[in-house]
Amino acid sequence: MTRISSIPKPATLAAALAAALSLAACHQAPSNETSSAPQVSQARDIVPSTPGNGAKATLLAGAEPFENLTELAFSPSTDRLDSALDAAKAMAPKVRPLLSPKGQSDLDRNLTAIEVAHGAQEPADLAIASVEIYRTLVTEAAGASPVPSEVSLLDYAGFRYTADLKARPMRWDDMAAAVDFARSQWDVVQPRVADPETAGKVSAAIDGMSSAVTDRDAKSAAENVAAELDLVDVLEQQFDHR
1 MTRISSIPKP ATLAAALAAA LSLAACHQAP SNETSSAPQV SQARDIVPST
51 PGNGAKATLL AGAEPFENLT ELAFSPSTDR LDSALDAAKA MAPKVRPLLS
101 PKGQSDLDRN LTAIEVAHGA QEPADLAIAS VEIYRTLVTE AAGASPVPSE
151 VSLLDYAGFR YTADLKARPM RWDDMAAAVD FARSQWDVVQ PRVADPETAG
201 KVSAAIDGMS SAVTDRDAKS AAENVAAELD LVDVLEQQFD HR
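So the sequence shown is numbered by the UniProt record's numbering: it starts at 1 and just counts up by one.
Structural data, given as structure tokens:
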């Protein structure tokens with residue numbers, strides 16, 4: 001997906017990225033590290049409703065404003081942030097009827113978290129609440145695109161990791177959960193990646209993200225998550241053009 005150029009990559013996704021990476025459950029704005037780390041199994045716990053392909057396509061398209069809001073959460077431009085926030089809010093009632101009951105509950109909870117974080121000027125919490133909605137939508141839209149949902153969830157993991165990295169203080173524990181979630185998604189989709197060079201780079205980026213957390217190395221974390229997010233774009237292009 002096209003990245004917003006004003007947001008550095010540490011910026012291009014797990015709390016749970018607040019309870020989910022399976023990057024998964026309810027987010028509560030933490031003052032130190034996120035207490036509700038993403039549960040690796042949870043992204044698959046959402047039971048999609050059974051809309052037709054048109055409805056799933058709407059859910060997938062509806063994820064875009066929340067991706068944009070996630071990327072702009074740390075923007076110094078209040079105008080751009082407010083515009084992204086308005087677009088995300090406008091999308092919510094369009095996608096809500098298409099979600100499962102759990103998806104609707106997750107949407108409502110994270111919309112509230114977005115409002116609270118925005119009012120409190122907590123960009124990391126805003127980014128995480130927004131990317132949790134992104135996760136819900138792409139998970140329930142599985143099958144609407146040639147791009148596997150696991151690739152979109154790698155995006156989610158990278159976004160959440162980035163938000164945790166940019167939080168003050170950094171949320172290393174939640175970053176570790178985001179890496180675990182990313183690895184779980186990569187294990188599923190890697191056999192479907194035709195280009196071994198790309199596959200090797202993705203594996204290396206995820207390994208680098210993990211090592212950076214272990215070493216508490218912010219510079220390495222930023223470099224590796226930027227690589228992971230860029231490689232998600234490559235994977236999307238490869239699956240789209242099969």
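Beta carbons: idealized from backbone N, C-alpha and C, even for Gly.
Among the options, which has the Cα closest to the Cα of residue i?
i, options, result
"A129", "V202, L111, R96, L165", "L111"
"G103", "P123, A212, E140", "E140"
"A127", "A204, A205, E115", "E115"
"P93", "P101, L81, A142, D108", "D108"
"E228", "G208, D217, A163", "G208"
"H118", "D79, L85, G158", "L85"
"G62", "M175, D79, R96", "R96"
"R192", "V138, A205, D240", "D240"
"F159", "T78, D230, D79, S83", "D230"
"P169", "E122, P196, I206, A205", "E122"
Excluding five sequence neighbours on each side, which residues of the same chain lie with their C-beta closer than 6 Å to the C-beta of residue i?
i, result
"D45", "With a pLDDT of 34 at D45, under the threshold of 50, the modelled position of that residue is not reliable, and the figure given next carries that caveat. Result list for D45: empty, nothing under 6 Å."
"Q185", "E150, L153, L154"
"V188", "E150"
"D233", "none"
"A167", "A124"
"M175", "Y161, D164, V213"
"L81", "L72, S75"
"K201", "L231"
Would the beta-carbon of residue i fall within 8 Å of that of residue j?
i, j, result
"A199", "Q190", "yes"
"V147", "E64", "no"
"Q238", "A194", "yes"
"Y134", "Y156", "yes"
"V213", "A221", "yes"
"N68", "A144", "no"
Is any beta-carbon of chain C found at less than 8 Å from that of residue i?
i, result
"I128", "In the displayed structure, chain C is absent; only one protein chain is listed."
Please look up how many angstroms separate the CB atoms of residue i and residue j, rounded, as I've assumed it's under 8 Å.
i, j, result
"T58", "V131", "With 8 Å as the limit, T58 and V131 do not qualify as a contact, their Cβ atoms being about 19 Å apart."
"residue 255", "A120", "Not covered by the structure: residue 255. The range shown for the chain is 1 to 242."
"S210", "V179", "5 Å"
"P66", "A88", "This sequence places Phe at residue 66; Pro is not what is there. Yes, F66 and A88 are in contact; Cβ-Cβ is about 5 Å, under 8 Å."
For residue i, which residues in the same chain have their Cβ closer than 7 Å to its Cβ, ignoring the five residues on either side in sequence?
i, result
"K219", "none"
"P76", "none"
"R242", "P146"
"N224", "A205, G208, M209, A212"
Hey, would you say the C-beta of residue i is under 7 Å away from at least one heavy atom of the ligand MG?
i, result
"S152", "Judged by which ligands are present, the structure shown has none, so any question about the ligand MG falls away."
Can you name, in chain order, every residue of its own chain whose Cβ lies under 8 Å from the Cβ of residue i, other than the five neighbours on each side?
i, result
"E172", "Correcting the residue identity first, residue 172 is Trp in this sequence and not Glu. The answer, listed in chain order, is E33, D164, V213, R216."
"T136", "I46, L99, G103, D106, L107, N110"
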